[in-house]
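Residue numbering for the sequence shown follows the UniProt record's numbering, beginning at 1 and increasing consecutively.
From the three backbone atoms N, C-alpha and C, an ideal C-beta is built for every residue, glycine too.
Computed from a predicted model, the values in this text were never measured in an experiment.
Take a look at the structure below.
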Amino acid sequence: MVHSKSVLDSEAKVWRGIWHAEAPARCRSVAWRACKEELPVKSLLVQKRILDDATCPCCGNGAETTAHALLHCEEIKRVWFASPLGLRVEALSGVTSVSQLIEQCVSVLDEKAMGMVCAIIWSVWHRRNVRLWKDKKLDCKHVMGRAWSVIARQKWAPPPVQHVKANFGAVVRDSVGTGMGVVFRNSLGVVLASGTNLLEDETFEPEIGGALCYKWAVEQSGELGFSNVIFETDCKVLHSQWNLITEGKGSSGVSFLDSLLEDCKVMIDGTGSSFSLVRPTANKVAQRLAAAAFDYGEKIWMKVVPEEASLDLQSDMPASADK
Ligand SMILES: [Zn+2]
């Protein structure tokens with residue numbers, strides 16, 4: 001096969017964009033296979049005479065090509081719009097394939113944002129497979145949650161200078177209650193304060209427990225006089241719902257979760273604070289404190305964490321533990 005120079009150029013551009021994207025190899029691999037039209041979408045299987053019906057398993061509207069499955073399928077458009085990229089698939093002129101999308105993205109996005117693109121493609125493809133093989137329907141916030149989570153930080157990192165990082169987490173124990181933990185650290189990794197809280201006999205869905213804990217952590221940070229706080233959770237659903245609400249793309253104030261997040265949004269407005277997602281491995285101290293809440297109840301420690309969490313605290317800062 002002879003390719004013209006411009007085809008080879010654009011393929012090389014797409015390849016570089018995916019190769020350098022800040023996302024795990026499994027995400028980049030799905031993105032690359034999508035660009036090469038190698039994902040086993042139904043229209044490809046019909047072409048190979050393995051199937052005789054190419055109808056999209058998600059929407060039932062039209063043939064499932066790669067571009068349909070990953071871009072144009074009705075529910076997928078919502079995912080792209082809800083993402084931090086705020087992409088309106090309808091408005092992309094001249095984009096009829098994933099490869100063309102990547103080529104356009106590479107010109108305007110950095111490696112981190114390209115990582116997000118690959119993670120979304122990977123998560124959307126996962127959603128399609130779950131729908132096809134398990135007949136399970138994952139909604140937009142689950143798809144976004146998975147995408148965020150796969151590119152989230154795996155190791156705890158201190159905040160920038162003049163910032164405070166607040167890791168928080170909740171543990172829900174059936175018929176016992178909801179334990180919460182928070183730890184505030186500065187740019188040197190030094191503990192400023194830590195705390196536990198217990199809602200006895202109250203149990204919730206994990207993301208509701210997380211949202212209650214977030215609200216409590218925001219209140220504590222206010223009482224302690226912190227500003228520029230980076231709140232960190234490892235709850236995917238909480239984080240993606242937060243993004244939908246703060247970006248005005250969610251149905252705000254409808255559910256209990258939404259109203260809790262609305263409260264938090266009002267509370268941190270103008271304080272220079274932000275909210276991000278990390279992997280559970282980067283949120284161990286908070287999780288340990290949440291478990292300890294069942295013993296301590298409501299308590300605040302200044303400049304230290306209780307003994308239960310001290311090993312996790314050390315493992316977050318391996319360099320300083322050597323000194
Ligand atoms: Zn569809």
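- Annotation for H163 indicates a beta carbon at 7 angstroms or more from all heavy atoms of ligand 1.
- Look at N283 here: in three-state DSSP terms it is coil, with no helix or strand label.
- Taking the CA atoms as reference points, W301 sits about 16 angstroms from Q287.
- Taken in chain order, the complete beta strand (DSSP E) segments of 3 residues or longer contained in the stretch 134-217 are 164-173, 177-185 and 191-200.
- When the five nearest sequence neighbours on each side are left out, the beta carbons in the same chain lying within less than 7 angstroms of the beta carbon of K13 are those of E103 and V106, in order along the chain.
- Taking non-hydrogen atoms of ligand 1 into account, the C-beta of E111 is found less than 7 angstroms away from none of them.
- Between the beta-carbon of N167 and that of N61 there is about 43 angstroms, and that puts the pair past the 8 angstroms contact cut.
- In chain order, the residues with a C-beta atom nearer than 6 angstroms to some heavy atom of ligand 1 are C56, C58, C59, N61, H68 and C73.
- A292 is positioned such that its CB atom lies no closer than 8 angstroms to that of G169.
- Short of 8 angstroms from the beta carbon of G177, and not among the five residues preceding or following it, lie these beta carbons of its own chain, in chain order: L198, L199, E200, D201, E202, T203 and F294.
- Note that the C-beta distance between I76 and V124 is below 8 angstroms.
- About 10 angstroms separates the CB atoms of I151 and M114; that is not less than 8 angstroms, and the two are not in contact.
- In the DSSP assignment, A63 forms a beta bridge with T55.
- Note: V278 is bridge-paired with R153 in the DSSP secondary-structure output.
- Taking a contact to require three or more Cβ pairs closer than 8 angstroms, the stretch 263-280 and the stretch 214-232 qualify as touching.
- Look at I50 here: in three-state DSSP terms it is coil, with no helix or strand label.
- By the criterion of a C-beta distance shorter than 8 angstroms, E207 is surrounded in its chain by C235, V237, L238, Q241 and L257, once the five residues flanking it on both sides are discounted.
- Taking a cut-off of 8 angstroms for Cβ pairs, the stretch 63-80 and the stretch 124-137 touch, as three or more such pairs fall below it.
- Closest by C-alpha distance to E247, out of T233, S274 and A147, is S274.
- In the DSSP assignment, K249 falls outside any alpha helix (DSSP H) and carries neither an H nor an E.
- DSSP places M267 inside the alpha helix (DSSP H), whose first and last residues are F256 to I268.
- According to the DSSP assignment, E74 belongs to the alpha helix (DSSP H) that extends over E74 to A82.
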